[in-house]
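From first to last, the protein sequence lines are chains A and B.
Taking the numbering used here, the leading residue of the first sequence gets 216, the next gets one more, and so forth.
Taking the numbering used here, the leading residue of the second sequence gets -1, the next gets one more, and so forth.
What follows is a set of notes on a single structure, which appears directly below.
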Amino acid sequence: MHLSPDAMIFWRYGFIKLNGTIVFTWAVMILLTVGAALITRRLSTDLVRARWQNFIEIVVTGMVKQIEEVGLPHPEKYLGFLGTLFLFVATAALCTVFPGYSPPTGSLSTTAALALSVLVAVPLFGIQEQGWGGYLKSYIKPTVIMLPFNIISEISRTLALAVRLFGNMMSGAMIIAILLTITPFLFPIIMTALGLLTGMVQAYIFSILAAVYIAAAVRTRTRKPELKPAPKT
Amino acid sequence: MDTTTIVAVASIICAGVTTAFGTMGPSFAEGKAVATALSALAQQPDASATITRTLFVGLAMIESCAIYCFVLSMILIFANPFWNHFLQAAGK
């Protein structure tokens, strides 16, 4: 039984080896890129649209709306990053319907890479929005005493992002593997269906949490003028 | 009992206890969160989008505690560093 797709090794040449995580990540990347390229090759702007164009539009407008609701003022600016996170994690989870596939997000290295990209992206967006001084000042926001705690929270939430996604994906694969040895036919199918739902929820949560973190880094300055109309919500 | 047996017994017992207590707290918390969200939804159906999103994010936060415990017990059973260390020591 594999704990993660890291243990499945397809090809090895000395120090370099291709494990399941890399291969399945590439497969998901190819699927996403080729799919998006094929769909957006012939876009129509009138009312008659292709089925797939409608699907993509629903996905993209849904993501834009969600990002906006979190409190980010210009969602298109963050759509590239957050949308990619969501699409990758969701596709990695949805592809479990193919036999022989195990989600690359079930490996701690993939999720750690995703969480590290969030860790890097949050200060980048924050600095872009309010400058070096404004962003760095947000670390000592209530008082200077909070500085170490703010830094610790920055690191611990990255760890939490990585371990949460990894744990959910890995537990789904592991429960299916255990059930296969106990009750071979019906139960694993039900658990796979449940795993699809869990994967979608985790993809949603991962991107929403990243959006919340970015919103917290971006919003600090612009919140001040909004204090007056805030109580009506 | 030699050292490897003690390590094995302690790992298995700790894995079970970790999952048992580690899922108990988050399940209480999740039940409370869902119950509160449902009553909030019943009072203000208009705010359902905000309540649902906050509920999901909160549930993910709570659930991550249970996930930490699960990962820990999986490490204890399948990838125990002490077990591997003693196996290596016994091999030498």
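Ideal Cβ positions, reconstructed from N, Cα and C, are used throughout, including at glycine.
All values reported here derive from a predicted model rather than from experimental measurement.
Considering only the alpha carbon of each residue, which of the options lies closest to residue i?
i: residue 383(A); options: 80(B), 61(B), 76(B) and 86(B); result: 61(B)
i: residue 322(A); options: 309(A), 380(A), 301(A) and 255(A); result: 380(A)
i: residue 300(A); options: 269(A), 313(A), 268(A) and 333(A); result: 333(A)
i: residue 426(A); options: 296(A), 233(A), 235(A) and 232(A); result: 296(A)
i: residue 275(A); options: 431(A), 290(A), 351(A) and 342(A); result: 290(A)
i: residue 78(B); options: 28(B), 9(B) and 65(B); result: 9(B)
i: residue 225(A); options: 256(A), 315(A), 421(A) and 285(A); result: 315(A)
i: residue 406(A); options: 420(A), 386(A) and 421(A); result: 386(A)
Going by beta carbon distance, what residues of the same chain come within less than 6 Å of residue i, once the five residues before and after it are set aside?
i: residue 86(B); result: none
i: residue 232(A); result: 224
i: residue 271(A); result: 254
i: residue 395(A); result: 403
Taking the C-alpha atoms as reference points, what is the distance between residue i and residue j?
i: residue 306(A); j: residue 243(A); result: 7 Å
i: residue 43(B); j: residue 81(B); result: 54 Å
i: residue 365(A); j: residue 355(A); result: 8 Å
i: residue 14(B); j: residue 24(B); result: 16 Å
i: residue 408(A); j: residue 388(A); result: 12 Å
i: residue 330(A); j: residue 258(A); result: 34 Å
i: residue 352(A); j: residue 346(A); result: 10 Å
Is it true that the CB of residue j sits closer than 8 Å to the CB of residue i?
i: residue 91(B); j: residue 39(B); result: Summary: the structure shown does not reach residue 91(B), with chain B confined to residues -1 through 90, and so no result is reported for it.
i: residue 279(A); j: residue 428(A); result: no
i: residue 423(A); j: residue 51(B); result: yes
i: residue 268(A); j: residue 282(A); result: no
i: residue 377(A); j: residue 326(A); result: yes
i: residue 70(B); j: residue 21(B); result: no
i: residue 340(A); j: residue 432(A); result: yes
i: residue 350(A); j: residue 360(A); result: no
i: residue 399(A); j: residue 391(A); result: no
i: residue 434(A); j: residue 286(A); result: yes
i: residue 84(B); j: residue 7(B); result: no
With a threshold of 8 Å on Cβ separation, who are the neighbours of residue i within its own chain once the five nearest residues in sequence on each side are excluded?
i: residue 247(A); result: 302, 303 and 306
i: residue 308(A); result: 318, 320, 384, 410, 411, 413, 414, 415, 417 and 418
Can you give me the Cβ contacts of residue i inside the same chain, cut-off strictly under 7 Å, excluding the 5 residues immediately before and after it?
i: residue 99(B); result: Not covered by the structure: residue 99(B). The range shown for chain B is -1 to 90.
i: residue 220(A); result: 234, 235, 236, 239, 317, 319, 321 and 322
To the nearest whole angstrom, what separates the beta carbons of residue i and residue j, a pair I think is in contact under 8 Å?
i: residue 54(B); j: residue 420(A); result: 6 Å
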